[in-house]
Structures are given as structure tokens and as C-alpha cells.
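Structure record follows, encoded as C-alpha cells.
Protein chains in written order, with our numbering: chain S, 38 to 297; chain X, 1493 to 1762.
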């Protein structure tokens, strides 16, 4: 906290000086920071809804098939427990100019791209990879929530002649609403912190188009050794995440009361 | 739509998606064993072990595996021991400021770890632990969430056994290790699973706490490999990725049910 009002480098503590709000006024004027804030926001808005919806769809589909549920569950879940750096290294190869994606694209008669080095494609490429890697995790949470929905509700609905869509809309969705909110919140919090894949694949480039908040924080602290300013950045991140964490706490409390 | 047709259609779509999910792992494995032949497109070539020789030998991955393993073991053991001790104290003892202290423990869960990177780095530098494996172990040996989980679990255990042991003259430590610990096995396995996965994949702190290349852990080493001189040597890269991920993939396939349950109950917190 104090650090964010100062000029500081942990490796040279003797250079400490107190500079008041200067770091924060600098934030407002800093284009790099604004770009990072925008990029991270774009990343969150672009991945969280997709992951959440896909996770629910996959969970529902897995529940509806008779055979192979366990296998499907494990296959989709696996990427989420393997280091994102491993995923990133595989996808780097897919995204490379001679990689898999370009071969598919060219097969359909379109022109290939250097997906990670072109400004327009780098961020979407990382977002795609992220959706691939983490959907299974939320799917597993949804599967747990779905098994908790009482079967009698569906039986009663069937007697009343509700079709499948109505059953989903009026039984499934309300029954799993706490899980949905929970998934959205933790997914959002995680997405605001996106870093290892960015660091591994692009270092925030090309020209800052994939620079995210934590990447910016890292660069400021460890490349420019401007730790006071970096602390100010981390306070902004903390503020953003606290809003969601607070929401999460309220929701969990709400769920406990609903259970009673 | 007829239910069984729909179920078959879903099965078909899921199978197609599953192939899309398995393909990258197969690619990783196959590519790591293939020598790239000039004139052939990527992914065609002869079987070779040279990528693994390069990764294990020259690129130093044996050291990184060892580092990762040391840190993982220490952190998992630390978390088991401390969460049992602290969890037991919160669950069974009365002491001043207990509620406040427990709120502080819960409060640590709210704060994203990234925002701690500079204060924690500062602490490590001052303690002289920066650039040692201790910096990756000590700060991560206690986790608020594991303490919380263990407290909840111990609270729900019947008190009879403890009281019987106490009547037989057992000391508090004996009760803790010989009565509570065996009963808390389900909670311990959840802690092991969650801690091990998070720690094996940890990236940010190993990146900033370690400067020397020979003290790096696997994810950081792999990231450096991707960015470094072998960054477009796909065979070597995939060998590095395989070495980093195969242990966890194999363990996952053996214990998939337990792991998925552990992760789910871990995420849901109650």
C-alpha cells in the first residue's frame, strides 16, 4: 500500500522516496496502462460468456448421452489441469505460419496468417486458446450442479406436458442459477488475471495489442524496475477484482440462506 | 425430437469435439518423436529421440523436473500439516480473537495473489530467500482455503473419539495426529489434489522469485524455451511440453474420478 505512493525498487531499497499520489496521476495519463486495461476488458468480455455458455451446453450434452459420459468429461476437463504454458506451446505451433491452423485455412482456399504476430489476430488467438483450455473446468462444475437437481421436478413437468425446452428454461436453469453466477464470477476474476499465456506467446505484443494488466504490471516492475508505479497498477487490479470477489461472497451467502 | 435420436446426435457432436480436444495432446506426443525432414511439410518425418535428449540434457529439464518436484512435495506436506493444526485449533479450541483471526484467514482468499507480488518479493529479498527454492516453498505452505476446508471438516467430526482418547490420557498432539488426522483423510486428499495441481502449474511467483536458470521450475522453464532459441523447433518444444505435462496427464487418467471430485468440492467450498 505504502509502496504505491512511492518510488521504489526492492533490489535498491536505498533509493526509496515518497512521492504521494504521483503514481496514480501517472496512471491516468499512461497510454500503455490504458491499453492494457482495455485489452484485459476485451479479453474478459470476449472469453467469459463463451466459456460459461459452452460449459453449460457441454454439461447438458454429456448428461443426455447414454454411454461414454465419464470419458467425455475427462477429455474436456484435462486441459484445465495441465499448465497453460504447455497449452500455449502446443498452440504456438498451431498458430505459426507453417502450422495446423494455416493448413486448415488454406484448405478452404483462404489466405493464412501469422496469427500471433499480426495485430488483429493475436488477442483473438489467445482468447480462443483460453476458451479451449478452461471450458472443461466450468463444465465439471455444471455437471456437479446438474446432478443435484431433483429428478421429481422433471417427472412432474413431464406429466404436465412440458417440452424439453420448457423443462430447461423453467426447471434446470433456475435450479442451477447459483452455480451459474458462481461460474461467471470466478471465471471473470480469473480472466482479469490472465498472464502466463500472454507472457509465453507474445510478451504483450504486437505493439501492445495483447498487453494485459498483469503483463503490464510485470513489465513495469521487472523490466523497468519501477516498483512503486507497479504497486499502483496492482491496486487498480485489486480494486477491480475486489468488486467481483465481494459479489461472490454475497452470492454464496445468498445460497446458504436459500438452503436453510 | 425423439429422445434417442437426440441422444445419438449429441453423442456424435461430443465425439467430434472430443477429437478436437484430444488432437493437441496427440500432436504434442507424436511431434516430439519426429525429426523434421527438409522438403516435407511439418509433422512428417522419421522417428527420433533426439528432441528428448536435447530437452533432458542440453536444455536442463532434468533439473527443472527435480526443482518442481521438491517444491511440490514441500508445499503439499506443509499444507497438510498446517491446515490440520490450524484447522483443528479453529474447530475445537476457544481463544481470544478467534473470530477475528478466522476472518483474516478468509480475507486472504479474497485478495488475488498477483497483487501481492511486489510486497512478497520485498519480503523474500529482505529475508535473503530471493532466488532460492525456499521462496517458492515458505510463502505457499499455508493456504487460507485449505485451513478453511479442514476447519469445516473437523467441526463436523464426532467429538466422542477425542474425548475417549483424552480420558485415556492422550495428549493434545497425540489426539491431533492419531485421532483427528486418520479421520480427516477425505479432506486431506482434497487438499493434496488441489494444492498439487495449483503448485505444479504455478507460474508468476516462480518467474519473479527465481533469477538463476538452474533453479527454475517446469512451467517457467518451458515458457523460456518457447521464447528462446528453440522457440520454433517444434520437435524440441513438444518434447519439453510432453515432459512438463505427461506426469500430470498420467496421474489424471489413473485418479480421474477422485481428481474431478476433489476439484469440484474444492471449488464449491462447502
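No residue lacks a Cβ here, since even glycine has one placed at the ideal position from N, Cα and C.
Keep in mind the model is a prediction, meaning the values are calculated, not measured.
- For residue 248 of chain S, no alpha helix (DSSP H) segment is defined, and its DSSP state is neither H nor E.
- Note that the C-beta distance between residue 1570 of chain X and residue 1634 of chain X is below 8 Å.
- By the Cβ neighbour-count rule, residue 261 of chain S is exposed, with fewer than 16 other Cβ atoms within 10 Å of its own.
- Under a criterion of Cβ atoms nearer than 9 Å, the residues of chain S adjacent to residue 1498 of chain X are, in order, 101, 201.
- Judged by pairs of C-beta atoms under 8 Å, the stretch 1655-1675 of chain X does not touch the stretch 193-213 of chain S, as fewer than three such pairs exist.
- Residue environment for residue 1523 of chain X: buried (at least 16 other C-beta atoms within 10 angstroms of its C-beta).
- Non-local C-beta neighbours of residue 1757 of chain X in its own chain, meaning closer than 8 Å and more than five positions away in sequence, comprise 1682, ordered along the chain.
- Here DSSP, grouped into helix, strand and coil, assigns residue 104 of chain S to coil.
- Less than 8 Å divides the Cβ of residue 257 of chain S from the Cβ of residue 270 of chain S.
- Residue 1539 of chain X has X/1526 as its beta-bridge partners, per DSSP.
- Between residue 1599 of chain X and residue 1642 of chain X, the C-beta spacing is not below 8 Å.
- Listed along chain X is no residue with a C-beta nearer than 9 Å to that of residue 188 of chain S; the closest approach is about 16 Å.
- For residue 1519 of chain X, the nearest beta carbon of chain S is closer than 8 Å to its own beta carbon.
- Ranked by Cα distance from residue 1689 of chain X, the options S/67, S/119, S/274, S/84 are led by S/119.
- Listed along the chain, the chain S residues whose CB falls inside 7 Å of the CB of residue 1759 of chain X are 178.
- Any Cβ of chain X closer than 8 Å to the Cβ of residue 66 of chain S would place that residue at the interface, and such an atom is absent.
- Cα atoms of residue 1553 of chain X and residue 1736 of chain X: separation of roughly 9 Å, rounded to the nearest angstrom.
- Nearest in C-alpha terms to residue 1495 of chain X, of all of S/238, S/201, S/82, is S/201.
- Put simply, the backbone Cα of residue 1647 of chain X is about 21 Å away from that of residue 1755 of chain X.
- Distance from the CA of residue 1644 of chain X to the CA of residue 1759 of chain X, rounded to the nearest whole angstrom, comes to 14 Å.
- When 7 Å is used as the limit between beta carbons, residue 278 of chain S is near these residues of chain X: 1604, in chain order.
- Those residues of the stretch 1678-1698 of chain X placed with their C-beta closer than 8 Å to a C-beta in chain S are 1689, 1692, 1693, 1695, 1696, ordered along the chain.
- Among the residues of the stretch 1618-1633 of chain X, none has a Cβ less than 7 Å away from any Cβ of chain S.
- Contact note: residue 1645 of chain X does not reach chain S at a C-beta cutoff of 7 Å; the least C-beta distance is about 17 Å.
- DSSP, reduced to helix, strand and coil, places residue 1650 of chain X outside both helices and strands of the structure shown, so it counts as coil.
- Closest option to residue 1721 of chain X, judged by alpha-carbon separation, among X/1604, X/1733, X/1551: X/1551.
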